[in-house]
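Protein chains in written order, with our numbering: chain A, 1 to 113; chain B, 1001 to 1113; chain C, 2001 to 2160; chain D, 3001 to 3160. Backbone N, C-alpha and C define an ideal beta-carbon position, used for all residues, glycine too. First the structure, in the form of structure tokens, and then the observations on it.
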Amino acid sequence: MDLSLSTRTEGDRTVVVVGGEIDVYTAPKLREQLIDLVSSGQYHLVVDMEGVEFLDSTGLGVLVGGLKRVRAHEGSLRLVCTQERILKIFRITGLTKVFPIHTSVEEAVAATD
Amino acid sequence: MDLSLSTRTEGDRTVVVVGGEIDVYTAPKLREQLIDLVSSGQYHLVVDMEGVEFLDSTGLGVLVGGLKRVRAHEGSLRLVCTQERILKIFRITGLTKVFPIHTSVEEAVAATD
Amino acid sequence: MAVVELLLSPLAAHVRTARLVTVTAARRAGLEDGLLDELRFAVGEACSRAVGLHARHAPGVLVRVTIEDGPAGLVVTVVDAGPAAGPVPDDVSAGIVEGGDLAGDDGEHDLVDPDVALALLTGLVDTATVEPGVTGTTVTMRWPLPVAARGPGATAVSDT
Amino acid sequence: MAVVELLLSPLAAHVRTARLVTVTAARRAGLEDGLLDELRFAVGEACSRAVGLHARHAPGVLVRVTIEDGPAGLVVTVVDAGPAAGPVPDDVSAGIVEGGDLAGDDGEHDLVDPDVALALLTGLVDTATVEPGVTGTTVTMRWPLPVAARGPGATAVSDT
Ligand SMILES: Nc1ncnc2c1ncn2[C@@H]1O[C@H](COP(=O)(O)OP(=O)(O)O)[C@@H](O)[C@H]1O
Ligand SMILES: Nc1ncnc2c1ncn2[C@@H]1O[C@H](COP(=O)(O)OP(=O)(O)O)[C@@H](O)[C@H]1O
Chain A
1 MDLSLSTRTE GDRTVVVVGG EIDVYTAPKL REQLIDLVSS GQYHLVVDME
51 GVEFLDSTGL GVLVGGLKRV RAHEGSLRLV CTQERILKIF RITGLTKVFP
101 IHTSVEEAVA ATD
Chain B
1001 MDLSLSTRTE GDRTVVVVGG EIDVYTAPKL REQLIDLVSS GQYHLVVDME
1051 GVEFLDSTGL GVLVGGLKRV RAHEGSLRLV CTQERILKIF RITGLTKVFP
1101 IHTSVEEAVA ATD
Chain C
2001 MAVVELLLSP LAAHVRTARL VTVTAARRAG LEDGLLDELR FAVGEACSRA
2051 VGLHARHAPG VLVRVTIEDG PAGLVVTVVD AGPAAGPVPD DVSAGIVEGG
2101 DLAGDDGEHD LVDPDVALAL LTGLVDTATV EPGVTGTTVT MRWPLPVAAR
2151 GPGATAVSDT
Chain D
3001 MAVVELLLSP LAAHVRTARL VTVTAARRAG LEDGLLDELR FAVGEACSRA
3051 VGLHARHAPG VLVRVTIEDG PAGLVVTVVD AGPAAGPVPD DVSAGIVEGG
3101 DLAGDDGEHD LVDPDVALAL LTGLVDTATV EPGVTGTTVT MRWPLPVAAR
3151 GPGATAVSDT
């Protein structure tokens, strides 16, 4: 139910594994995590959303905020998500045009623009 | 969370094992069970409350109703309960004077007045 | 100060919702774990009583449960629109043997006897007060909250 | 007809309570499992939006969530006291790249942009209606209930 967060490095990418509910109550934790990574010089992020059960517009806002921060450093923020219920949230808000969305962490880590 | 009920026979006693919450929502199920037992001629009941997590006054009412029904047939209704939180409910309402309360099913099955 | 108010039509199932919401709000407000159980029993009892009274006397009126955490601690109020409560009996076991029934006058239904509910409630919670009024009864219960430990639930949306 | 009404002070934690109560009431009312998820998302969104608006504009006013099951199906209403909603944007991704932020104007806080919330909500639920009024906005959402299958939650206390 609550938000879980863990990070690991794969080459020059940092993978953030998110689980549970990203909502108005927990989104600040994710936001802090993304800010910390950017402050410590990690500008190529992969956010693994496969364990996410709930996502609201606050969560979307935090992801968009993260994207803007990494872009300010020529970085990237890629999402991993295959869950239809979560993909729907990105589609409805048109954010599939803003985020590269991958079907696996491997694919996201290997991707370049 | 919901009420669970199972019955077994030990000699001339019928043991009713109750688990979960006995409240205004689930008490009707327990009431039916007790009525069914009495209708089928089982007048010596032991109600094992060790798995009960919640008990409200509706639940107490159903137990008192059961007691009255078995008494109409010279029967008995004994309780098994060692949980302080549940015993407290019987003490506050003075029902420890009305129900024989035992610390194990064996003790209750062996008991006679 | 966090406030949750719950208005319920008189259904037995809603009593569970009231327990769940109250326990959740209390835990977030920082109520000690050791007191959660007492809260659950007491709120369940106050709500079954109110729901039972409404089902019989005011089926169209909603039962009101208010949960507030503030300087006075955690305050839970249950307001019903039933006939005003009489004095709370001391010992409800009297008379049971010769035919009184805890579950109300009507042996066919599992309604809560409102007097037994009040006896149980005030027996469980020292601070419970029962105020009969013109339109019904207000049951108020208070529990202390740790002064410093206001839980994360006390955080306003804009405090991040 | 079963009614639950929930009044919440504007705390992020209360949005979870609203989701929980709504999903629980809907399940009891017999809402199809396949629709529970949509309900959870939509109610969460409506409530985060309302709670965010109240936190900024009306911190002392409670957000009102009503859940009713009746002949019209399951009807969930969220009433806020914020500035009236404008027209719902079609596509919120526009402008994000050059600096618009989904999470409101104030980059330091994680407030829900009320427009994005409405876009998401009306995108998720076909039957959602948004009515701006003088004192705030009312969001109404409807889901069908199986005609026969009124769950045990629909049982009145006295029906046993
Ligand atoms: N999903 C649910 N819907 C409705 N009521 C619930 C639900 N889960 C628990 N409850 C009720 O809420 C009360 C408290 O919840 P519970 O799960 O026991 O909390 P705890 O985690 O403290 O054990 C219980 O008495 C139960 O009847
Ligand atoms: N004990 C709780 N207290 C407050 N909110 C809860 C609790 N349990 C679940 N929730 C919230 O209620 C919503 C629905 O509950 P959930 O447990 O997911 O139901 P389900 O059984 O359908 O998965 C979730 O979004 C979650 O945030």
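* Asked: Considering only the beta carbon of each residue, do C/Val2139 and B/Val1024 sit closer than 8 Å?
  -> Contact flag unset, no.
* Asked: Excluding five sequence neighbours on each side, which residues of the same chain lie with their C-beta closer than 6 Å to the C-beta of B/Gly1019?
  -> Once the five neighbours on either side are set aside, the close Cβ partners of B/Gly1019 are Ser1004, Gly1051.
* Using Cβ-Cβ distances below 9 Å, what residues of the stretch 2012 to 2039 of chain C are close to chain D? -> From the stretch 2012 to 2039 of chain C, only Ala2012, Ala2013, His2014, Val2015, Arg2016, Thr2017, Leu2020, Val2021, Thr2024, Ala2025, Arg2028 have a Cβ closer than 9 Å to chain D.
* Asked: What three-state label does DSSP hand C/Gly2107 in the structure shown?
  -> Low local confidence applies: a pLDDT of 47 at C/Gly2107 is under 50, so the model's placement there is unreliable, with the coordinate-based value given in what follows. Reduced to three states, the DSSP call for C/Gly2107 is coil.
* Can you give me, in chain order, the residues of the stretch 1083 to 1098 of chain B that have a beta carbon less than 7 Å from any beta carbon in chain C? => Arg1085, Ile1089, Ile1092, Thr1093, Gly1094, Leu1095, Lys1097, Val1098: these are the residues of the stretch 1083 to 1098 of chain B whose beta carbon lies less than 7 Å from some beta carbon of chain C, given in chain order.
* **Reduced DSSP category for A/Phe90 - H, G, I as helix; E, B as strand; rest coil** => A/Phe90 falls in the helix class under three-state DSSP.
* Asked: Applying the criterion that 16 or more other CB atoms from any shown protein chain within 10 Å of the CB defines a buried residue, is C/Val2097 buried or exposed?
  -> Legend: pLDDT at C/Val2097 = 42, less than 50; position of this residue unreliable, no value from coordinates given.
* With burial defined as no fewer than 16 other Cβ atoms inside 10 Å of the residue's Cβ, what is the status of A/Glu74: buried or exposed? -> Result: exposed.
* Which value, in whole angstroms, describes the spacing of the CA atoms of C/Asp2037 and C/Asp2126? -> Cα to Cα, C/Asp2037 sits roughly 14 Å from C/Asp2126.
* How do the stretch 1086 to 1094 of chain B and the stretch 2113 to 2133 of chain C stand: do at least 3 beta-carbon pairs fall below 8 Å, yes or no? -> Because the criterion of three Cβ pairs below 8 Å is met, the stretch 1086 to 1094 of chain B and the stretch 2113 to 2133 of chain C touch.
* Assuming C/Arg2040 and B/Phe1099 make a contact with CB atoms under 8 Å, what is their CB distance in whole Å? -> Not quite, the Cβ-Cβ distance comes to about 23 Å (not below 8 Å), so this is no contact.
* To do: Determine the chain D residues that contact C/Glu2045 at a beta-carbon separation under 8 Å, and present them in chain order.
  => Chain D residues near C/Glu2045: none, gap ~14 Å exceeds 8 Å.
* B/Arg1031 vs B/Val1062 beta-carbon contact at 8 Å -> Between B/Arg1031 and B/Val1062, the C-beta gap is smaller than 8 Å, which places the two residues in contact.
* Asked: Under the three-state reduction of DSSP, which class applies to D/Asp3113: helix, strand or coil?
  -> Coil, per DSSP.
* To do: Given a cut-off of 8 Å, decide if A/Leu60 and A/Val70 are closer than it, judged by their beta-carbon atoms.
  => Result no, Cβ atoms of A/Val70 and A/Leu60 do not sit closer than 8 Å.
* **Helix, strand or coil at B/Leu1063 [DSSP, three-state]** => In the three-state DSSP reduction, B/Leu1063 falls in the helix class (H, G or I).
* To do: In angstroms with no decimal places, state the Cα-to-Cα distance between C/Leu2145 and C/Gly2030.
  => Our two residues, C/Leu2145 and C/Gly2030, have alpha carbons roughly 6 Å apart in a direct line.
* To do: Could you say which of C/Gly2052, C/Thr2129, C/Thr2022, C/Val2061 lies nearest to C/Ile2067 if we only look at CA atoms?
  => Ranking C/Gly2052, C/Thr2129, C/Thr2022, C/Val2061 by Cα distance to C/Ile2067 puts C/Thr2022 first.
* Could you list which residues in chain D have their beta carbon closer than 8 Å to that of C/Val2003, in chain order? => The contacting residues are Leu3007, Leu3008, Ser3009, Leu3062.
* Might you give, ordered along the chain, the residues of its own chain that have their beta carbon closer than 6 Å to the beta carbon of A/Thr103, omitting 5 neighbours on each side? => Around A/Thr103, the same chain offers Thr82 as residues with beta carbons nearer than 6 Å, after the five sequence neighbours per side are excluded.
* Asked: With 8 Å set as the bound, which would you pick, yes or no: does the beta-carbon of B/Gly1075 sit closer than that to a beta-carbon of chain C?
  -> Not one chain C Cβ lies under 8 Å of B/Gly1075.
* **B/Leu1077, enclosing beta strand (DSSP E) - first and last residue** => Counting along the chain, the beta strand (DSSP E) containing B/Leu1077 begins and ends at 1076 to 1080.
* To do: For D/Leu3053, go through chain A and note every residue whose CB falls closer than 7 Å to its CB, in chain order.
  => Within chain A, no residue comes near D/Leu3053; the closest Cβ sits about 12 Å away, beyond 7 Å.
* To do: Check whether the Cβ of D/Leu3124 lies closer than 8 Å to any Cβ atom in chain A.
  => Interface residue, yes.
* Asked: For the 8 Å Cβ check, are there 3 or more pairs between the stretch 2070 to 2083 of chain C and the stretch 2128 to 2138 of chain C?
  -> At 8 Å Cβ cutoff, the stretches touch.
* To do: Pull out every residue of the stretch 2113 to 2139 of chain C whose Cβ sits closer than 8 Å to any Cβ of chain B, in chain order.
  => Taking 8 Å as the Cβ-Cβ cut-off against chain B, the residues of the stretch 2113 to 2139 of chain C that qualify are Asp2113, Val2116, Ala2117, Ala2119, Leu2120, Gly2123, Leu2124.
* Straight-line gap, C/Arg2028 to C/Ser2048 (C-alpha atoms, nearest Å) -> Between C/Arg2028 and C/Ser2048, the C-alpha separation is close to 24 Å.
* CB-CB length for C/Ala2085 against C/Leu2118, believed under 8 Å -> The Cβ separation is near 6 Å, so the contact holds.
* Asked: Leaving out five residues before and five after A/Leu34 in sequence, what residues of the same chain have Cβ atoms less than 6 Å from its Cβ?
  -> Counting only Cβ-Cβ distances below 6 Å, and skipping sequence neighbours, we find Gly66.
* Return the chain-ordered list of same chain residues with a C-beta closer than 6 Å to the C-beta of D/Ala3042, the five sequence neighbours on each side being excluded. => Excluding sequence positions up to five before and after D/Ala3042, its CB lies within less than 6 Å of the CB of Leu3121, Leu3124, Val3125, Met3141, all in the same chain and listed in chain order.
* To do: Grab the span of the alpha helix (DSSP H) containing A/Ser39 for me, first residue to last.
  => That run of the alpha helix (DSSP H) goes 27 to 39.
* **Closer than 8 Å to chain C by CB, B/Tyr1043** => At a cut-off of 8 Å between beta-carbon atoms, B/Tyr1043 makes no contact with chain C.
* Check whether the Cβ of B/Thr1026 sits closer than 7 Å to any heavy atom of ligand 4, and report yes or no. => No copy of ligand 4 occurs in the structure displayed; its ligands are ligand 1 and ligand 2 alone.
* Whole angstroms is fine: what's the gap from A/Ser40's alpha carbon to A/Thr14's? => Roughly 11 Å separates the two Cα atoms.
* Report yes or no: is there a C-beta of chain D within less than 8 Å of the C-beta of A/Val24? => Yes, contact with chain D.
* If you measure from the beta carbon of B/Thr1009 to each beta carbon in chain E, is any gap under 8 Å? -> Reference to chain E is not applicable here, since the protein chains of this structure are A, B, C and D.
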